[in-house]
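Here the structure comes first, spelled out in structure tokens, and everything after it is commentary.
In my numbering, the protein residues as written are 40 to 190.
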């Protein structure tokens, strides 16, 4: 969702809310810009739509200008977070270590996680995709309890 006016976001949320009631869907999630989380949560409150955040800072507290804490996101109604997106890795230098810290924090706070894995075009050309995906997955989930994943 890029440069979406508040009114358009609400209309979009209403359509998603109606679609989420289809018996085929168990859950539908959307991760709008942080400034629209509360609006989207309110607009989808009577549906199966889960609203989340595109990014956050992993620390419980501290001075991280421009970053949002999980506490603030939960306060707005976010229930799911996106972690490890290729754009964040490439443009903001998010490493496997940062993805691990975010994943660990999100699970500790009881949030659902959409964990993104992937290689760059250069890495894809090197035929290293499987190793890259494994490295990213194991790095992100190191030390996590396997029980939630066995569901």
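C-beta: ideal position from N, C-alpha, C; glycine also.
{"Check": "Identify whether residue 47 lies in helix, strand or coil by the three-state DSSP scheme.", "Outcome": "helix"}
{"Check": "Give me, in chain order, the residues of the same chain whose beta-carbon lies closer than 7 Å to that of residue 177; leave out the 5 immediate sequence neighbours on both sides.", "Outcome": "none"}
{"Check": "Please tell me whether residue 140 has its Cβ less than 8 Å away from any Cβ of chain C.", "Outcome": "Protein chains in the displayed structure number just one, and chain C is not present."}
{"Check": "Would you identify the three-state DSSP class for residue 91, choosing helix, strand or coil?", "Outcome": "strand"}
{"Check": "In angstroms with no decimal places, state the Cα-to-Cα distance between residue 150 and residue 171.", "Outcome": "25 Å"}
{"Check": "Let me check understanding here. Comparing Cα to Cα, which of 132, 148, 114, 122 lies closest to residue 139?", "Outcome": "122"}
{"Check": "With 16 other CB atoms within 10 Å as the buried threshold, where does residue 60 fall?", "Outcome": "exposed"}
{"Check": "List the DSSP bridge partners of residue 68.", "Outcome": "89"}
{"Check": "The beta strand (DSSP E) that contains residue 154, what's its start and end?", "Outcome": "151-154"}
{"Check": "Identify, in the order they occur along the chain, each residue of the same chain with its Cβ nearer than 8 Å to the Cβ of residue 80, setting aside the five sequence neighbours on each side.", "Outcome": "90, 115, 116, 117"}
{"Check": "Does the distance from the CB of residue 154 to the CB of residue 168 come in under 8 Å?", "Outcome": "no"}
{"Check": "Compare the C-alpha of residue 179 against each of 124, 102, 68 and name the closest.", "Outcome": "124"}
{"Check": "Pick out the complete beta strand (DSSP E) segments inside the region 80-143, 3 residues or longer, and give them in chain order.", "Outcome": "88-92, 119-122"}
{"Check": "How many whole angstroms separate the CB atoms of residue 109 and residue 144, which I take to be in contact at a CB cut-off of 8 Å?", "Outcome": "6 Å"}
{"Check": "In the structure shown, what three-state DSSP assignment does residue 174 receive?", "Outcome": "helix"}
{"Check": "DSSP on residue 157, reduced to helix/strand/coil?", "Outcome": "coil"}
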